[in-house]
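In my numbering, the protein residues as written are 783 to 1347. The beta-carbon is built from N, C-alpha and C at its ideal position, and this holds for glycine as well. These notes concern the structure reproduced below.
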């Protein structure tokens, strides 16, 4: 008989209605399990301190265990382009569950073949073949291997502040030492140049360069949009030196920037294209890398030279296929352009009213970065927005910036809600509440630390009376210590930050990218009016397509025409 360290929880995680008597109990258990069995330092500090456990999602909203509703302006770091739980994507996966869940590996997989044909139709240029995997990191990893295999060369040029994933190859391409150094030595042959600097890139090319890898817009770098024409110049440079161009559109793809793929803004066709995140419709994880027939031929002599057990599984492919149909039928790329222009205009109006707090607004479509004049200010605003029902998140490589990356189905009224919440926070900060908000953030972090220290004692076993008394004493001591530390922290923080905000000095890392000049208000409004004529409202009915045989894949031209209407 097997012996385990502790009694194993054999019951499934219960699905309950929000008014269930067990609702809070389940939420408490979830918080305890997160603290004791996951990376507690990685846990969401704000939601953990608040005891906010995610229980339901719908459209552009997330609901917690207390019934509070949050406007999701984070979008799961870019996975919810069609919204949370889009009915057509959900229905496609449910139907697939009744047929084949995971494929046998030996028979032809019709679901991955169908999805590959759809991607070949909607992607630019001669991108024709796809390899399916499970994440963006895996997609980048495969793209690097394909570039080296095809060229017979080993060196890859990436950019500073780029983020390409967490696996060894993808991490080697990532352009921030704070993530790279702890895992050194990484793969040899990677260099990093300034994003947006075409001269620096050309200087880095040598006879052993296999490829350049880029994000069209840097996501974790702080939503950095390069100057117009940069991507075209990179494409010309790679063609001149006969090297490959890998575009990482894991975050920018699937309509996020106002076109189906960000490279289409400059009519650039990469040699290898990486996709993931939103490709799964916010329901299933899936990634892929694509290339032309010319490049793909190097994989044919040994078809198992790069493989994946779960890549291209029927459930993920059915979700991705439905996602593409929704993006096209609901004109979501064009809608992202429309709503993005509106969002940017409203944010720039706030920047004009609060220049001592907002340093920059930048982005394209509904991939927007809001940069503040200090890291402390950004953190305080983020905390207070959460309390007011808006979810945003920082970017990994720009600590003064948070991203705005909502589902593409967001409406003007929902954008106005976020803008009003943000302005109310900025007003509170301007009236001297900054130190109070920062003290709150400090208090939440300390609570998290104390709970982490005490919680294992309280759930590890059934306690005796004496042990219970000991726990209560420990909690009392922790609370007293917490109050003293918060008071001291608030006092010190108030003195420190008041001078920062008053002087609006820059305390962030400098941005290396030449950012595009802001559009004038008149141009932005003109684009908004023009786009309104083209965009249909998103499907709110969740009307299903009839089940049956898949339609014959359309041509690239017909799919492209659909994305532009």
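State the DSSP-derived secondary structure class of residue i, mapped to helix, strand or coil.
i	result
residue 878	helix
residue 1068	coil
residue 1289	Only weak support exists for where residue 1289 lies, its pLDDT of 44 falling under 50; the value from the coordinates is given anyway. Correct three-state label for residue 1289: coil.
residue 836	strand
residue 1211	helix
residue 966	coil
residue 864	coil
residue 1279	Note that residue 1279 scores a pLDDT of 42, beneath 50, so its modelled location is shaky; the value from the coordinates is reported in the next line. Here residue 1279 sits in helix by DSSP.
residue 1192	coil
residue 1127	helix
residue 889	coil
residue 1092	coil
residue 883	coil
residue 956	coil
residue 869	helix
residue 1115	helix
residue 1087	coil
residue 1199	helix
residue 757	As shown, the chain starts at 783 and ends at 1347. That puts residue 757 outside it, with no answer to give.
residue 951	helix
residue 1136	coil
residue 1295	Unreliable placement is indicated for residue 1295, whose pLDDT of 44 sits below 50; no coordinate value is reported for it.
residue 1204	helix
residue 1167	helix
residue 820	coil
residue 917	coil
Does the separation of the CB atoms of residue i and residue j fall below 8 Å?
i	j	result
residue 854	residue 843	yes
residue 975	residue 942	yes
residue 1053	residue 1073	yes
residue 852	residue 1173	yes
residue 878	residue 1090	no
residue 860	residue 1187	yes
residue 863	residue 1060	yes
residue 1116	residue 1066	no
residue 1182	residue 1199	no
residue 1044	residue 1008	no
residue 1019	residue 983	yes
residue 1031	residue 1055	yes
residue 1105	residue 1069	no
residue 925	residue 1087	no
residue 1184	residue 1208	no
residue 1122	residue 1146	yes
residue 1148	residue 1038	yes
residue 1103	residue 900	yes
residue 1005	residue 1124	no
residue 1203	residue 1167	yes
residue 1021	residue 906	no
Can you pull the DSSP bridge partners for residue i?
i	result
residue 1351	Coverage of the chain is limited to positions 783 through 1347, which leaves residue 1351 absent and any answer about it impossible.
residue 975	941
residue 742	Residue 742 lies beyond the stretch modelled for the chain, which goes from 783 to 1347, so this question has no answer here.
residue 1143	1152
residue 851	845
residue 1172	853
residue 1055	1029 and 1072
residue 912	1072
residue 1184	1152 and 1176
Cβ of residue i versus every heavy atom of the ligand FAD: is any distance shorter than 7 Å?
i	result
residue 1045	You won't find the ligand FAD in this model; it holds no ligand whatsoever.
For the putative contact between residue i and residue j, defined by C-beta atoms under 8 Å, what is the C-beta separation to the nearest angstrom?
i	j	result
residue 1348	residue 1096	In this structure the chain extends from 783 to 1347, so residue 1348 is not present and cannot be described.
residue 1003	residue 1176	Actually they are not in contact, since the Cβ atoms of residue 1003 and residue 1176 sit about 12 Å apart, beyond 8 Å.
residue 987	residue 1023	5 Å
residue 962	residue 969	Their Cβ separation, rounded to whole angstroms, is 11 Å, which puts residue 962 and residue 969 out of contact at 8 Å.
residue 971	residue 936	4 Å
residue 973	residue 939	6 Å
residue 1190	residue 1114	4 Å
residue 928	residue 1077	7 Å
residue 1092	residue 921	That belief does not hold up - the Cβ atoms of residue 1092 and residue 921 are roughly 14 Å apart, past 8 Å.
residue 908	residue 866	Not a contact, Cβ separation roughly 35 Å.
residue 923	residue 951	5 Å
Every unbroken alpha helix (DSSP H) within the segment 995-1052, with a cutoff of 4 residues, ordered by chain: 1012-1022
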